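S.K.:
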Amino acid sequence: PKFAGQQNDFSTVVGVRSSGDDRFGWDLSFRYGRNDVSYTISETINASLGVNSPTTFRPGGLAQRELQVDAELSYSVPNNLFADDILLFGGASYRNEAYTITAGDRASYEVGPLRDLPAGSNGFQGFSPDTAGTFSTGSYAVYLEAETNIASNWVLSAAGRYENYDAFGDNFSYKVATRYDLIDFLAVRGAVSTGFRAPAAGQLFGQSQTSQLILQDFVLDAVLVPGSPAAQIFGSQPLVPETSFNISAGVVLTTAAGFMATVDFYQIDIDDRLLLTDARATTPGERAQLAAIGYPNGALVEQVRFFINGIDTRVRGVDLVAAYGVNWNASNRTELSTAIAYNEQILRSNPGGIIPPGKVIEYQEGIPSWRGNLTLTHHIGDFRMMGRGVYYGSWTRIGGLHRDPAVLVDVEFEYAGIDRVSLA
Numbered sequence: 006p007k008f009a010g011q012q013n014d015f016s017t018v019v020g021v022r023s024s025g026d027d028r029f030g031w032d033l034s035f036r037y038g039r040n041d042v043s044y045t046i047s048e049t050i051n052a053s054l055g056v057n058s059p060t061t062f063r064p065g066g067l068a069q070r071e072l073q074v075d076a077e078l079s080y081s082v083p084n085n086l087f088a089d090d091i092l093l094f095g096g097a098s099y100r101n102e103a104y105t106i107t108a109g110d111r112a113s114y115e116v117g118p119l120r121d122l123p124a125g126s127n128g129f130q131g132f133s134p135d136t137a138g139t140f141s142t143g144s145y146a147v148y149l150e151a152e153t154n155i156a157s158n159w160v161l162s163a164a165g166r167y168e169n170y171d172a173f174g175d176n177f178s179y180k181v182a183t184r185y186d187l188i189d190f191l192a193v194r195g196a197v198s199t200g201f202r203a204p205a206a207g208q209l210f211g212q213s214q215t216s217q218l219i220l221q222d223f224v225l226d227a228v229l230v231p232g233s234p235a236a237q238i239f240g241s242q243p244l245v246p247e248t249s250f251n252i253s254a255g256v257v258l259t260t261a262a263g264f265m266a267t268v269d270f271y272q273i274d275i276d277d278r279l280l281l282t283d284a285r286a287t288t289p290g291e292r293a294q295l296a297a298i299g300y301p302n303g304a305l306v307e308q309v310r311f312f313i314n315g316i317d318t319r320v321r322g323v324d325l326v327a328a329y330g331v332n333w334n335a336s337n338r339t340e341l342s343t344a345i346a347y348n349e350q351i352l353r354s355n356p357g358g359i360i361p362p363g364k365v366i367e368y369q370e371g372i373p374s375w376r377g378n379l380t381l382t383h384h385i386g387d388f389r390m391m392g393r394g395v396y397y398g399s400w401t402r403i404g405g406l407h408r409d410p411a412v413l414v415d416v417e418f419e420y421a422g423i424d425r426v427s428l429a
């Protein structure tokens, strides 16, 4: 089968905000976005229709629509307690997103007279009217942040955000951050925060059936709606948001000679991470249950998948950023910068072995732990010359496939001596 889709995407943000008042400010904005795709599949059949089957189908489409309204206020509060005004920043937000499944043409999902053969367009079954519809969820949030200079060399900020989702209930997140200048050129900083990520509408409501070619045989694979009656047959539970706890600490060095460097250590713990399960083979009894509740092609579905809150993870690492610039004379300048990062990702929990041992290796070692770049730029009058090396450390994929470190090199020359024109 030849599978294709036409996609359209639109987004816009409009708003109005205050200006001219250093002490009080406000901002109102509206965001709207929509992305839709219409599918076609050709050079295939609906086997259950026999010789009456067409060979080209329109199996339907998907769309995601989001809208958000934000209102924000800021105000500087004079006081005699701290070294500076207290900056208050707060607001409210409303967000609504909708996921639309559009039914395909009748032949793409119809169960024909040959009921012992797969129904629907083979390769990607069309969405039936039973599964089509618009599924929406909304949320609102209120938040407040305060920041001030406790002393001339000490900045402290704190923030809180309350969010309420139609589908999950509420969540409260917070952040506390500080920076302290030890001496003129050396400062320390740190932060503690929590966060969350709600499942997207597509993860909540998306479903599909596709024919997978496995060992020269077609296998009907179904992605089920989490927590739906069909998914509950396989132990699925309704999704909940991911939550995170984050800590970071660092040092900032800034010298009058033009050298700047920062070193930051961080750790991010994420609970209830969202992932799509591996395909799981169905039993005859489970297929009978799918058929009994009227799930399309239920008696023929040989493997299923669905989104779950499956694992807890930890990312821990360190970032180094440094830059140095020197002016040799009025028309000659050299700039040197580097960024080096090391991080590691581990599974803190893997209930029931959701991620098999082979994939655990890929999950923890499947991206380079070490990454870095070094950039040298030199300006001579109207000419600029830049050289950059980017380093990626070793990594390992599923099955123990090991990749050696790699270095990429960029070189660029630019001439900007023509009025309003630069050549590079």
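Each position in the sequence shown, counted from 1, maps to that position plus 5 in this note's numbering. Think of the CB as a built atom: it goes at the ideal place given N, C-alpha and C, for glycine as much as any other residue. Computed from a predicted model, the values in this text were never measured in an experiment.
Counting C-beta neighbours from all protein chains within 10 Å, is the total for E168 16 or more, i.e. buried, or is it exposed?
M.R.: Position 163 of the sequence shown, counting from 1, holds the residue named residue 168. Classification for E168: buried.
S.K.: With distance defined between alpha-carbon atoms, name the residue in S23, P301, R353 nearest to S79.
M.R.: Residue mapping note: residue 79 aligns to position 74 of the sequence shown, counting from 1. S79 has its Cα closest to that of S23, out of S23, P301, R353.
S.K.: With distance defined between alpha-carbon atoms, name the residue in F388, V116, S216, I252 nearest to T49.
M.R.: Within the sequence shown, numbered from 1, the residue matching residue 49 stands at position 44. Here the closest residue by C-alpha is S216.
S.K.: Given that a residue counts as buried once 16 or more other Cβ atoms are within 10 Å of its Cβ, and exposed if not, what is N337?
M.R.: Looking up residue 337 in the sequence shown gives position 332. Classification for N337: exposed.
S.K.: What residue range is occupied by the uninterrupted alpha helix (DSSP H) comprising V306?
M.R.: Start at 1 with the first residue of the sequence shown, and residue 306 comes out as number 301. From DSSP, V306 is part of no alpha helix (DSSP H); its letter is neither H nor E.
S.K.: Going by alpha carbons, who is nearest to D90 out of R321, I155, A254?
M.R.: Start at 1 with the first residue of the sequence shown, and residue 90 comes out as number 85. The shortest Cα separation from D90 among R321, I155, A254 belongs to I155.
S.K.: Identify the residues that DSSP records as bridge partners of K7: which are they?
M.R.: The residue given as residue 7 occupies position 2 in the sequence shown. Partner(s): S47.
S.K.: Which full runs of the beta strand (DSSP E) of 3+ residues lie inside the stretch 9-69, going along the chain?
M.R.: Counting only runs of 3 or more, we get 29-47.
S.K.: Would you call the stretch 348-359 in contact with the stretch 401-420, where contact means no fewer than 3 C-beta pairs closer than 8 Å?
M.R.: No: fewer than three Cβ pairs fall under 8 Å.
S.K.: Quick one: what's A156 bridged to in DSSP?
M.R.: On the sequence shown, residue 156 is found 151 positions in, with the first residue counted as 1. A156 is bridged to W159.
S.K.: My parser needs the beta strand (DSSP E) runs of 3 or more residues fully inside the stretch 88-140; what are they?
M.R.: Listed in chain order, the complete beta strand (DSSP E) runs (minimum 3 residues) inside the stretch 88-140 are 91-107.
S.K.: For T60, decide whether its Cβ has a neighbour in chain B, counting only Cβ atoms nearer than 8 Å.
M.R.: In the structure shown, chain B does not exist; there is a single protein chain.
S.K.: Quick one: give me the first and last residue of the beta strand (DSSP E) that I313 is part of.
M.R.: Position 308 of the sequence shown, counted from the first residue, corresponds to residue 313. Unbroken beta strand (DSSP E) run through I313: 312-334.
S.K.: Between which residues of its own chain and L92 is the CB-CB distance below 6 Å, once the five residues before and five after are set aside?
M.R.: For the purposes of this step, residue 92 is taken as residue 87 along the sequence shown, with counting starting at 1. Answer for L92: S81, E152, listed in chain order.
S.K.: What is the DSSP secondary structure of R402, reduced to helix, strand or coil?
M.R.: For this step, residue 402 is matched to residue 397 along the sequence shown. Coil, per DSSP.
S.K.: I need the boundaries of the beta strand (DSSP E) containing G363, first residue and last residue.
M.R.: Position 358 of the sequence shown holds residue 363. Run containing G363: none in the beta strand (DSSP E); it sits in the alpha helix (DSSP H), 362-370.
S.K.: Evaluate V309 with the Cβ neighbour count: other Cβ atoms within 10 Å of its Cβ, from every protein chain shown; 16 or more gives buried, anything less gives exposed.
M.R.: Start at 1 with the first residue of the sequence shown, and residue 309 comes out as number 304. Its Cβ being crowded by 16 or more others within 10 Å, V309 is buried.
S.K.: Relative to the C-alpha of P246, which residue among S144, R120, L149 is closest?
M.R.: If you number the sequence shown from 1, residue 246 lands on position 241. It is S144 whose Cα lies nearest to the Cα of P246.
S.K.: Starting from L295, trace the alpha helix (DSSP H) both ways and give me its first and last residue.
M.R.: By 1-based counting over the sequence shown, the position of residue 295 is 290. That run of the alpha helix (DSSP H) goes 289-297.
S.K.: Taking DSSP as the reference, what is the three-state secondary structure of L379?
M.R.: By 1-based counting over the sequence shown, the position of residue 379 is 374. Three-state result, L379: strand.
S.K.: Which of helix, strand or coil does DSSP assign to G386?
M.R.: Mapped onto the sequence shown, residue 386 falls at position 381. Looking at G386 - three-state DSSP - the assignment turns out to be coil, as it is neither helix nor strand.
S.K.: Would you kindly report the start and end of the unbroken beta strand (DSSP E) that includes F177?
M.R.: The residue given as residue 177 occupies position 172 in the sequence shown. Run containing F177: 174-188, per the beta strand (DSSP E) assignment.
S.K.: Which residues does DSSP list as the beta-bridge partners of A266?
M.R.: By one-based count along the sequence shown, residue 266 stands at place 261. The partner list for A266 (beta bridge, DSSP) reads L258, A327.
S.K.: Helix or strand or just coil, what does DSSP make of G358?
M.R.: Within the sequence shown, the letter at position 353 stands for residue 358. DSSP places G358 in helix when its eight states are reduced to three.
S.K.: Within the chosen definition, does the stretch 183-202 reach the stretch 248-264 through at least 3 CB pairs nearer than 8 Å?
M.R.: Yes, the stretch 183-202 is in contact with the stretch 248-264.
S.K.: Is the distance from the Cβ of E419 to the Cβ of L428 below 8 Å?
M.R.: Reading the sequence shown from its first residue, position 414 is the one you call residue 419. Reading the sequence shown from its first residue, position 423 is the one you call residue 428. Yes, the pair counts as a contact, with Cβ atoms nearer than the cut-off.
S.K.: Going along the chain, which residues of its own chain have a beta-carbon closer than 6 Å to the beta-carbon of Q73, five neighbours each way excluded?
M.R.: Indexing the sequence shown from 1 puts residue 73 at position 68. The residues are R36, R100.
S.K.: Along the beta strand (DSSP E) that carries G422, what are the first and last residues, could you check?
M.R.: Translated into positions along the sequence shown, residue 422 becomes position 417. Start and end: 411-423.
S.K.: So, G263 versus G211, is the Cβ gap smaller than 8 Å?
M.R.: What you label residue 263 is simply residue 258 of the sequence shown in a count that begins at 1. What you label residue 211 is simply residue 206 of the sequence shown in a count that begins at 1. For G263 and G211, no; Cβs fall outside 8 Å.
S.K.: Just checking my contact of V257 with R166 at CB under 8 Å: how many whole Å lie between their CB atoms?
M.R.: Taking the first residue of the sequence shown as 1, we reach residue 257 at position 252. Taking the first residue of the sequence shown as 1, we reach residue 166 at position 161. Not confirmed; about 26 Å, so no contact.
S.K.: When the Cα atoms are used, what is the spatial distance from L280 to A52?
M.R.: Against the sequence shown, residue 280 aligns to sequence position 275. Against the sequence shown, residue 52 aligns to sequence position 47. About 33 Å.
S.K.: According to DSSP, simplified to helix, strand and coil, what is G207?
M.R.: Taking the sequence shown and counting its residues from 1, the one referred to as residue 207 is at position 202. G207: helix per DSSP, three-state reduction.
S.K.: Which residue's Cα is closest to the Cα of T288: F239, S233, V326, I273?
M.R.: Sequence index remark: in the sequence shown, residue 288 carries index 283 (1-based). Closest option to T288, Cα to Cα, is F239.
S.K.: What does DSSP give as the partner residue(s) for A286 in the beta ladder?
M.R.: Translated into the one-based positions of the sequence shown, residue 286 becomes position 281. According to DSSP, which records beta bridges pairwise, A286 is partnered with Q308.
S.K.: Between the C-alpha atoms of P231 and E370, what's the straight-line distance to the nearest angstrom?
M.R.: As a position in the sequence shown, residue 231 is number 226, starting the count at 1. As a position in the sequence shown, residue 370 is number 365, starting the count at 1. Those two C-alpha atoms are separated by around 29 Å.
S.K.: State the Cα-Cα distance for the pair F87 and G394, rounded to the nearest angstrom.
M.R.: Here residue 87 refers to the residue found at position 82 of the sequence shown. Here residue 394 refers to the residue found at position 389 of the sequence shown. If I take the Cα positions, the gap works out to 46 Å.
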